[in-house]
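In this note's numbering, the protein residues as written are 54 to 404.
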């Protein structure tokens, strides 16, 4: 089996910032914030985040912020919830969430994607993930958000982009991730969904997003993270999936593609490396399957600013206590939601 060409992938990512005039850079200009998240998170997972100029990146991110509080994909573009989460995630990587006016960001928009009102279960996940990282989950109506996500569940156990839409692995990650962050995984039929997800593995070892589709490296993330969150990851063949991801590498120039021998890109490079992290590949940092950030980054972000005047979680004995140190009744749902929402839901798979 091939090995991970980590140094080549680092060089590939660093080279992209020097190609601002290339055709690829121009046509993807509106997605640059997402690209920054994919590339920088990959560098962090490979323990090479210090190879970039942190101040330069943060300065550019803040220039992408709109007066509404949301962030655009690049300077001068319109804000969108997709890019807002990527901006927050990158700032979390650099431990610089304090540069944000958190109230302004958390009040941006709604669970639609932008001012034009597109609705998608992706945006529910993004909003929940973003306000959780900012420790503002208590400011949204969690019950209504969860109810909408549950309404997107299908008879096969999967989830679609809207109620009644086809189950898709990408949407399943978004819905399961949102339910995990809000402490609502009891709404998932874990065996039924686990079976649907494990059937996504094809003979080559790769995973697809829907029945009868080709395998794609990115589903090494969407499917695998979902299986971990519902504790059914042991239902797939770990070694075959590792081999598939490694076979998609460009071992000469760096980068990972969707399938072997295809052109590499930053999107699949991130999800390939993140998939290997979930597979506990040596030399790759642990990634949180719900927040899609390194576990240490999530721990730091959720503990840095979490101050609640009602309750806190005592991680030593796992009891819920109030500000005076007295144990609270377990029936206090508001306290439980606030505490749970600020603790990473899972760190590593058990194979």
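Backbone N, C-alpha and C define an ideal beta-carbon position, used for all residues, glycine too.
Can you check which of these residues, the options, is closest to residue i by C-alpha distance?
i           : options            : result
residue 207 : 193, 222, 194, 196 : 222
residue 82  : 176, 125, 274      : 125
residue 123 : 247, 159, 351, 217 : 159
residue 60  : 174, 307, 134      : 307
residue 329 : 345, 105, 195      : 345
residue 197 : 258, 325, 177, 295 : 177
residue 142 : 119, 286, 193, 88  : 88
residue 113 : 103, 220, 90, 134  : 90
residue 231 : 218, 239, 182      : 182
residue 192 : 99, 161, 106, 224  : 161
residue 219 : 252, 180, 262, 111 : 262
residue 268 : 311, 318, 239, 228 : 311
residue 226 : 201, 179, 200      : 179
residue 63  : 290, 92, 55        : 92
residue 70  : 355, 98, 110, 56   : 110
residue 67  : 201, 130, 318, 240 : 318
residue 253 : 236, 239, 272, 237 : 272
residue 121 : 130, 152, 157      : 157
residue 237 : 265, 266, 201, 251 : 201
residue 411 : 284, 320, 335, 356 : One cannot answer for residue 411 here, as it falls past the ends of the chain, which runs 54 to 404.
residue 355 : 212, 151, 265, 320 : 151
So, helix, strand or coil for residue i, using DSSP?
i           : result
residue 20  : Absent from the structure is residue 20, since the part of the chain shown begins at 54 and ends at 404.
residue 58  : coil
residue 125 : strand
residue 187 : coil
residue 283 : coil
residue 65  : helix
residue 226 : helix
residue 212 : strand
residue 118 : strand
residue 71  : coil
residue 138 : helix
residue 309 : strand
residue 97  : helix
residue 332 : coil
residue 260 : strand
residue 197 : helix
residue 153 : coil
residue 267 : coil
residue 318 : strand
Mind reading off the beta-carbon distance from residue i to residue j? Whole number of angstroms is fine, and I expect it under 8 Å.
i           : j           : result
residue 149 : residue 85  : Actually they are not in contact, since the Cβ atoms of residue 149 and residue 85 sit about 18 Å apart, beyond 8 Å.
residue 274 : residue 324 : 4 Å
residue 146 : residue 94  : 6 Å
residue 98  : residue 276 : Going by Cβ atoms, the distance from residue 98 to residue 276 rounds to 18 Å, so no, they are not a contact pair.
residue 235 : residue 270 : About 29 Å; that fails the 8 Å criterion.
Which same chain residues, not among the five before or five after residue i, have their C-beta less than 7 Å away from its C-beta?
i           : result
residue 342 : 278, 281, 282, 331, 399
residue 204 : 216
residue 353 : 148
residue 100 : 338
residue 119 : 125, 132
residue 313 : 300, 301
residue 155 : 187, 189
residue 130 : 83
residue 335 : none
Once you ignore the five residues that flank residue i on each side, which residues in its own chain have a CB closer than 6 Å to its CB?
i           : result
residue 244 : none
residue 58  : 302, 304
residue 210 : 242, 245, 246, 249
residue 293 : 258
residue 166 : Because residue 166 sits at a pLDDT of 46, beneath the cut-off of 50, its placement in the model cannot be relied upon, and the following sentence gives the value as read from the coordinates. Excluding sequence neighbours, residue 166 sits near 133, 134, 176.
residue 102 : 96
residue 365 : Residue confidence for residue 365 is low, a pLDDT of 38 falling below 50, so the modelled location carries little weight and cannot support an answer.
residue 116 : 128
residue 65  : 307, 308
residue 55  : 299
residue 377 : Caution applies to residue 377, whose pLDDT of 47 falls short of 50 and renders its modelled position unreliable; the value that the coordinates give is listed next. Hits under 6 Å: none found.
residue 229 : 279, 282
Given residue i, which residues of its chain have a CB within under 8 Å of its CB, disregarding the five upstream and five downstream residues?
i           : result
residue 214 : 173, 174, 175, 205, 221, 224
residue 290 : 254, 258
residue 315 : 301
For chain B, find out if any of its Cβ atoms is closer than 8 Å to the Cβ of residue i; answer yes or no.
i           : result
residue 229 : Annotation note: the requested chain B is absent from the structure, which comprises a single protein chain.
Checklist entry - Quick one: any contact between the region 175-187 and the region 135-154, if contact means 3 or more CB pairs under 8 Å? => result yes
Checklist entry - On the three-pair Cβ rule with 8 Å, is the region 256-264 touching the region 290-301? => result yes
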